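Below: the structure, in structure tokens.
2 protein chains.
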Amino acid sequence: MPLLPPEPESADPAPKQRVQDEIRHDIIFGSLRPGTRVTEAALAAKYGVSRIPVREALRALEAEGFVDSRPYAGSTVSEIPVDDADDLFAVREALEAATARRAARRALAQFSAGEPSVEWWKTRRLLADLLDDGDQAVAEGNLKVLPELNIRFHLGIADLSGSASLTALLRQISGKIEWLYATDVDHRGKQSWGEHRLIMAAIDAGNPVDAERLMAGHVHQSRVGYLDRFATP
Amino acid sequence: MPLLPPEPESADPAPKQRVQDEIRHDIIFGSLRPGTRVTEAALAAKYGVSRIPVREALRALEAEGFVDSRPYAGSTVSEIPVDDADDLFAVREALEAATARRAARRALAQFSAGEPSVEWWKTRRLLADLLDDGDQAVAEGNLKVLPELNIRFHLGIADLSGSASLTALLRQISGKIEWLYATDVDHRGKQSWGEHRLIMAAIDAGNPVDAERLMAGHVHQSRVGYLDRFATP
DNA sequence: CTGCCTATTGTTGTATGCAATCGGTCGCTT
DNA sequence: AAGCGACCGATTGCATACAACAATAGGCAG
């Protein structure tokens, strides 16, 4: 039996979104290699929709940096940004330090102003579930789901920061990071995941200084681990 | 004679691109205020094209963070990310430090490997023209063109870095920064522009350390200047 | 044989038409 | 009168059809 129900997705999520996610998944996990030419008609036939949703999906993926397009000349799958890894991690470090700090500041503000908003609680609840799911996965040795959970955790923190700009930037960088990690199933999974609860605690405590410091260290370790593994020696 | 040929743009640049640039300009420079509802039909009529180019333009602007859209519910102009200014500058600092460092490294590599590529020379030439244009504008006291020249200079450095990922990220952040500066015509124009030649010289000399340091300081000063002017006292 | 010019083909860009969905409003029930 | 549910206009999402452009293959001159 296929042991991969990572996308139960009850309702069918709008053709365009579905196509976009499918293509991105195929790019990240190898089915569509860098340099391959992708035509709207072929993808439309493959996914059983018209060219318009495919077209919009390709444009979105172009904005995310997964495909390159030229007017009237078609699109090709981008190269994996392996040479940019170190710099991407550096930017990510500054970016996530900012989101963690802001999230903690916002938590403090919300609690000191009476009751947090319903939106805050929703995201916070989602993060709690994520932490539990990750712990369970670690306990069961099911490390291959951690990258996905990891990205969702960090994006959740960005949501708590309340900054749409920073969240959008993180989403863009996360895509690249996931792409870089696609060939490396577990990197330093177990140890890295454990640090998440510390960050969450600092945010809940409304402690911007600790939140920023812990997040920066967390991302920095991720960077060092990646470079140790993949950097040209 | 009109002394402003910054956009000679001989050929008409594809309806979709034109519409996208027009809408973005209207958002940044006030004609479209945050929160206003924008419908595809209205914009299509305004620009004399079909809904499709307008639609794609809106999607691109959504990816750039200028409009928010929800399925079947339409789009609205985003809020100016004034609360995110400090964090955006912080990320930009890390980002541009990386591009400057890489550009210098790449310059060194290109020169030590014989002759730089034609592509490199093209961008380098464009930057030289930009520096001259900026100097002339400063000399004439025509400070209102500096923000535009400034962004193009920094994006040019990103091009020299040879990293599509970093360039895309900078493009996204630059849009927000330009938006933040839209109400402030000259900020610290003259002084800031003078620093560009120092950065360029460090890159030409193939000195990554100086390039990174100068660029980081340059962006940092820009950040401080903005916060001094606009931050809530 | 080589280089350039042209015709053709495949692909994207845009226009129009229809179906699906959202927001608000009116009417009904309690 | 207040709450609630169904209808209706407005708007987006998608499909089909046509036009514009780039890339490539073939012919012709040199």
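For the protein sequence lines, the chains are A and B, in the order given. For the first sequence, this note's numbering begins at 1 and goes up steadily by one. For the second sequence, this note's numbering begins at 1001 and goes up steadily by one. Note that beta-carbon positions come from the ideal geometry of N, C-alpha and C, so glycine has one too. As the structure is a computational prediction, the values presented were derived from the model and not from experiment.
Beta-carbon proximity list for residue i, same chain, < 8 Å, skipping 5 on both sides
i	result
leucine 214 of chain A	Ala100, Glu195, Leu198, Ile199, Ala202
proline 15 of chain A	Tyr47, Val49, Pro53
lysine 1176 of chain B	Gly1065, Pro1081, Asp1084, Leu1088
glutamate 22 of chain A	Tyr47
Contact check, residue i vs residue j, beta carbons under 9 Å
i	j	result
aspartate 228 of chain A	alanine 1098 of chain B	no
glutamate 1130 of chain B	arginine 1105 of chain B	Per the sequence shown, the amino acid found at residue 1130 of chain B is leucine instead of glutamate. Against a cut-off of 9 Å, the Cβ pair of arginine 1105 of chain B and leucine 1130 of chain B comes out as no contact.
glutamate 1115 of chain B	valine 1219 of chain B	no
alanine 1113 of chain B	alanine 1211 of chain B	no
glutamate 79 of chain A	serine 69 of chain A	no
leucine 155 of chain A	valine 1091 of chain B	no
tryptophan 1193 of chain B	leucine 1127 of chain B	no
proline 1081 of chain B	tryptophan 1179 of chain B	yes
alanine 1094 of chain B	glutamate 40 of chain A	no
arginine 125 of chain A	leucine 160 of chain A	no
glutamine 1172 of chain B	glutamine 17 of chain A	no
Where residue i sits in the DSSP three-state scheme
i	result
serine 69 of chain A	strand
serine 75 of chain A	strand
valine 145 of chain A	helix
valine 49 of chain A	coil
arginine 1188 of chain B	coil
arginine 33 of chain A	coil
Any non-hydrogen atom of the ligand COA within 8 Å of residue i CB
i	result
glycine 162 of chain A	With respect to the ligand COA, the structure shown offers nothing to examine, as it has no ligands at all.
Residue i, buried or exposed, once every other Cβ within 10 Å from all chains shown has been counted against 16
i	result
phenylalanine 1029 of chain B	exposed
arginine 33 of chain A	exposed
glutamate 1119 of chain B	exposed
glutamate 64 of chain A	buried
tryptophan 1121 of chain B	exposed
glutamine 1191 of chain B	exposed
valine 224 of chain A	exposed
alanine 85 of chain A	buried
tyrosine 226 of chain A	buried
proline 13 of chain A	exposed
alanine 158 of chain A	buried
serine 1031 of chain B	exposed
threonine 1036 of chain B	exposed
serine 1134 of chain B	Per the sequence presented here, residue 1134 of chain B reads as glycine, with serine not at that position. Looking at its Cβ environment, which holds 16 or more other Cβ atoms inside 10 Å, glycine 1134 of chain B is buried.
valine 1077 of chain B	buried
serine 1165 of chain B	buried
serine 1117 of chain B	exposed
Nonlocal neighbours in the same chain, by C-beta distance under 7 Å from residue i, ignoring five residues either side
i	result
glycine 1206 of chain B	Ala1104, Ala1107, Leu1108, Phe1111
alanine 1182 of chain B	Ile1028, Phe1029
alanine 216 of chain A	Glu93, Ala97
aspartate 204 of chain A	Ala107
proline 1147 of chain B	Glu1178, Tyr1181
aspartate 1026 of chain B	Leu1032
arginine 1024 of chain B	Leu1061, Phe1066
Chain-order list of residues whose beta-carbon lies under 6 Å from that of residue i (same chain, five-residue window excluded)
i	result
glycine 1162 of chain B	Arg1106
serine 222 of chain A	none
serine 75 of chain A	Val38, Leu58, Val67, Ser69
glutamine 1020 of chain B	Ala1057, Ala1060
valine 138 of chain A	Lys190, Trp193
phenylalanine 230 of chain A	none
leucine 43 of chain A	Val54
alanine 73 of chain A	none
serine 174 of chain A	Ile151
Checklist entry - Is the region 1051-1067 of chain B in contact with the region 41-61 of chain A, if contact means three or more CB pairs nearer than 8 Å? => result These segments touch.
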